[in-house]
Amino acid sequence: MIGSSPALGQYFPVDSALHRLDPRFKLIMILAFVISLFFIERVVVMVGALSVVPLLLFFSKLPLRWLWRSLRPLVFILFFTMAIHLFLTPGEPLLVFGPLQPTGAGLVRGAFFSLRLVMVITVSSFITLTTSPVALTDALEALLKPTKRLGVPVHELALMTTIALRFIPTLLDEAQEIIRAQKARGADFESGFVVKRVRGLVPVLIPLFVGAFRRADDLATAMEARGYAGGERRSRLHQLKLNPGDYLWLFGGTLVVTGMLVVDLMLS
Amino acid sequence: MSIELKGASFDYPVAGGASVSALAATDLVVRPGSFMAVLGANGSGKSTLAKMLNGLLFATNGEVWIDGRRIDRGHNDLFARRTVGLVFQNPDNQLVANVVEDDVAFGPENLGLDRAEIRRRVDRSLEAVGLPDLARQDPHRLSAGQRQRVALAGALAMEPRFLVLDEPTSLLDPEGRRDILAVLAELRERQSVGMVYITHIVEEAVAADTVLVLDKGRIIATGPPRELLTDATLMDRASLYSPKPNVLARRLCVAGLPASDELLTVEEVVSSLCSSS
Amino acid sequence: MLVKLTDISLVYLEGSPAATDALTDVSFTLESGEFAAVIGRTGSGKSTLTQIMAGLLRPSAGSVELDGVDLWSDRASRSHLRDLVGLVMQEPERQLFETTVAADVAFWPKNSGWAGPEIEAAVEAALRRVGLDIQKYGERSPFSLSGGEKRRVAMAGVLVMDPPLLILDEPTVGLDPRGRQELLEYLRGLNQAGTTILMITHDLDIVAESAGRVLGFEAGRLIDDTTPSALFSQRAKTDQELATAPTVAKRLAEKGFLLDDEPLTVDELADSIIKVFPGAPA
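Line order of the protein sequences matches chains A, B and C.
Note that this note's numbering numbers the first sequence so that position 109 is 109, with each residue one more than the last.
Position in the second sequence (first residue = 1) + 1000 = this note's numbering.
Position in the third sequence (first residue = 1) + 2000 = this note's numbering.
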């Protein structure tokens, strides 16, 4: 079954200030923020940086529950990060469990790295949470445009991304149906060791590929029928246009990122 | 202003340099504003014919003319695609974008139109298929019937003078089928688009001006629906059946009841029985 | 009794895209030898039902009994019970994957641990039953066949175990009139030879012509469990869709032309009209 939880960063379609923000600005600002997290060394600053999450939640009208549900699968990784640092950082042991010796320094380091991981994932998931796939494709295309001179097929990449996004749910449904049809014919996907399991996927993967190729062929014909002949002459319905409000965001975002880095520098 | 096939045939190349004929030499005229139904079983060459009508496939022999221009590889093929819109059987495999209006905009974008014009065409096409409220939806969340209407809107946004529909209802549930048929009927009435409707559902050909029956890549009959659809021998030869009301009328006619063997619809049979009983 | 469903509910967790296809309190028993049609709009729960009956989905509540044994009571018997049910999915040709037709048809018996000679005989018989000769088709690639042939091979891949219950999800979709007619005749023959059939369809003429029982679903609930003629006479009182023959009968009745019985097929309808038509030759 397709799970009940939203996938990590699955678009949450509401109208909010963050949703309306120009996707190019949003992409740049969030990337800048996430990269700057890697330059921060003080735990205090990292904890302070955490305060952008409620701000983002407020400006995106995203329910905390939705964010939490989409992040839940990461709990294991966090636990793992925490454990590694807790036990492997040298220092004064807090307790002794045989060979396992959690240290005070480890606790701090573990908290720091876990927090950074949480921040990186949470904040960057706001890109896809508040930007429709189409707007995201448009933003990527716009931002990559300068590379066109270097021979990067920017338009084709953007169209490919759109089509991929369009067909992923369709192919997932198809995969599910084929799995059931083969299970009904006694296929076993749940037992056996690696080799048997991998071989067990053949009855699913081959029909899935055959189906995907058939769809691709149909789609190419349909695109041609609608006059598609490469990206050169194409115009676009959506063109990204900056609003005055977008600059306000840019200003605020720059302030947060530089402020964070300056404070961290001052404390060290 | 019409589509004309003059002895046009199509051979598919197969492995080993040989080729298989999908459509034998065909003569055909589709007049503006007319409604032609093309009937045939699977593998009768229907889809090949559809693709030749809008410059997706080019005649191996013979000629295809649209609006007085000869269509051939690299020669007026974009003109053909602009003039003749094509809607395929499977709505899933012809939508490009994951937002309805972006998909409808795909054709006009390919024509390089400016933004205001694209906007106008998108709105108008979605209006014509009755989906203006779903413009911002993800097609994956729509029903198959709605998706097929999006595909139809995508073809209409090219503002073609002809529409070729290749079994547009065969994968839909009854509700989706009714909706598509209703939208098409309205289009014929209001916008005088010429239509070539390809199907194996004989009942859907009843309202056509002309019916063309294909069998093994050959046109075996052309004529008004009342003449062709009631011809049991012809239908059988094409692996088809007459519409059910006609089968009933024929049985009643043989039994000496007042029902002509040329009746095609339930209403015709009912009124013919009731007016004389 | 072949299959017994008791108070089956299936709740997909909220927010899931399939949420509309859930089931609520569905109970019915299918006897050996029945031919039941399942009708209802897209998303009314029909496909979920077939998957529950085939043991592919576990219901949130309620029990499924196959041949008197609870399907979910123990794991050991489940694979055996699954061999009682053949599931033909929509456009089943999508499930083909092997390099040859014979190997694809052999997939199920092989998974069930049958012996080589036994499999060979079953594959040949299954292909023969769908009208394909193993000499001619056995070694060909399923992907080289025509659409109609592919569907037959896929059907053979389910019929090969000769399951006492055959579940089909809209088997006629995409077939041309001749292919549709042949498939329906084949299914009727199979049913007469003892196979129980449960078929999802949107085509009310198929319900009228082939089924002995109709299960109607709406929003995940079983709202009709009756015979085709009872279904149509009940539906005729409203303006719901009917099969061809009941439609004609209803229109005639509205004009004061009443028939003695409730014909389901065009042939029966012609007979009824001839019988009551004033002055008709006897």
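The C-beta atom is built at its ideal place from N, Cα and C for all residues, glycine as well.
Quick caveat, the model's predicted, so the values are computed rather than measured.
Item                                                                                                                                                                    : Value
Pair every Cβ in the segment 22 to 33 of chain A with every Cβ in the segment 134 to 142 of chain A, then say whether three or more of these pairs are closer than 8 Å. : yes
Please confirm whether S4 (chain A) has its beta-carbon closer than 8 Å to some beta-carbon of chain B.                                                                 : Low confidence applies here, because S4 (chain A) scores a pLDDT of 44, under 50, leaving its location unreliable and the question unanswered by this model.
For S2146 (chain C), is the classification buried or exposed, using 16 other Cβ atoms within 10 angstroms of its Cβ as the cut-off for buried?                          : exposed
Using three-state DSSP, classify G245 (chain A) as helix, strand or coil.                                                                                               : helix
Going straight from the alpha carbon of A2018 (chain C) to that of G2045 (chain C), what length do you get?                                                             : Residue confidence is low: A2018 (chain C) scores 46 on pLDDT, short of 50, so the model does not pin down where it sits. No coordinate-derived value is stated.
Are the segment 1251 to 1266 of chain B and the segment 2002 to 2011 of chain C touching, with three or more C-beta to C-beta distances below 8 Å?                      : no
Measure the Cβ-Cβ separation of P2164 (chain C) and L2269 (chain C) and say whether it is below 8 Å.                                                                    : no
Per DSSP, T2201 (chain C) is paired with what?                                                                                                                          : According to DSSP, which records beta bridges pairwise, T2201 (chain C) is partnered with nothing at all.
DSSP puts A2036 (chain C) in a beta bridge; with which residues?                                                                                                        : C:L2198, C:R2213
Considering only the alpha carbon of each residue, which of B:M1052, B:A1185, B:V1211, B:L1228 lies closest to Y1012 (chain B)?                                         : B:M1052
With 8 Å as the threshold, decide whether the Cβ of T128 (chain A) is near any Cβ in chain B.                                                                           : no
Around the Cβ of G151 (chain A), are there at least 16 other Cβ atoms within 10 angstroms (buried) or fewer (exposed)?                                                  : exposed
From A:A220, A:K183, A:P153, A:L117, pick the residue whose C-alpha is nearest to that of M1945 (chain C); which is it?                                                 : No statement about residue 1945 (chain C) is possible, as the shown extent of chain C runs from 2001 to 2282 and does not include it.
Would you please verify whether the beta carbon of S1260 (chain B) is less than 8 Å from any beta carbon of chain C?                                                    : no
Report yes if the C-beta distance between A2154 (chain C) and L2096 (chain C) is below 8 Å; otherwise report no.                                                        : yes
In chain C, which residues lie with their C-beta within 9 Å of the C-beta of K196 (chain A)?                                                                            : Near K196 (chain A) there are no residues of chain C at all, since even the closest Cβ is about 12 Å away, more than 9 Å.
From H155 (chain A) to L143 (chain A), what distance separates their C-alpha atoms?                                                                                     : 11 Å
Does the CB of S70 (chain A) have a neighbour CB from chain B at under 8 Å?                                                                                             : no
Going by DSSP, which residues form a beta bridge with G1085 (chain B)?                                                                                                  : B:L1163
Is there a C-beta anywhere in chain B that falls below 8 Å from the one on A353 (chain A)?                                                                              : The first residue shown for chain A is 1 and the last is 268, placing residue 353 (chain A) beyond what the model contains.
Is the Cβ of Q2135 (chain C) closer than 8 Å to any Cβ of chain A?                                                                                                      : no
For a test of the three-state rule: what should DSSP assign to A1221 (chain B), helix, strand or coil?                                                                  : strand
Measure the alpha-carbon distance for D15 (chain A) versus R1161 (chain B) and round it to whole angstroms.                                                             : 39 Å
In angstroms with no decimal places, state the Cα-to-Cα distance between L64 (chain A) and A17 (chain A).                                                               : 17 Å
Report the partner residues of G1194 (chain B) according to the DSSP bridge assignment.                                                                                 : B:F1162
8 Å is my cut-off, CB to CB: does A139 (chain A) come that close to chain C?                                                                                            : no
Can you confirm whether P1174 (chain B), when its beta carbon is compared against all beta carbons of chain C, has any partner nearer than 8 Å?                         : yes
At a Cβ threshold of 8 Å, is I178 (chain A) touching chain B?                                                                                                           : no
Between the C-alpha atoms of R1070 (chain B) and E1063 (chain B), what's the straight-line distance to the nearest angstrom?                                            : 7 Å
Counting pairs of Cβ atoms below 8 Å between the segment 1090 to 1104 of chain B and the segment 212 to 220 of chain A, do you hit three or more?                       : yes
Rounding to the nearest angstrom, what Cα-Cα distance links L1165 (chain B) and G2062 (chain C) in this structure?                                                      : 46 Å
What are the residues that DSSP puts in a beta bridge with S97 (chain A)?                                                                                               : Per the sequence shown, the amino acid found at residue 97 (chain A) is Phe instead of Ser. In the DSSP output, where bridge partners are listed per residue, F97 (chain A) has A:L100.
Name the chain C residues whose beta carbon is nearer than 8 Å to that of P207 (chain A)?                                                                               : R2094, Q2095, L2096, F2097
At a CB-CB cut-off below 7 Å, which residues of chain C make contact with V202 (chain A)?                                                                               : F2097
Rounded to a whole number of angstroms, what is the C-alpha to C-alpha distance between W66 (chain A) and P99 (chain A)?                                                : 40 Å
Which residues bound the beta strand (DSSP E) around T2226 (chain C)?                                                                                                   : 2221 to 2226
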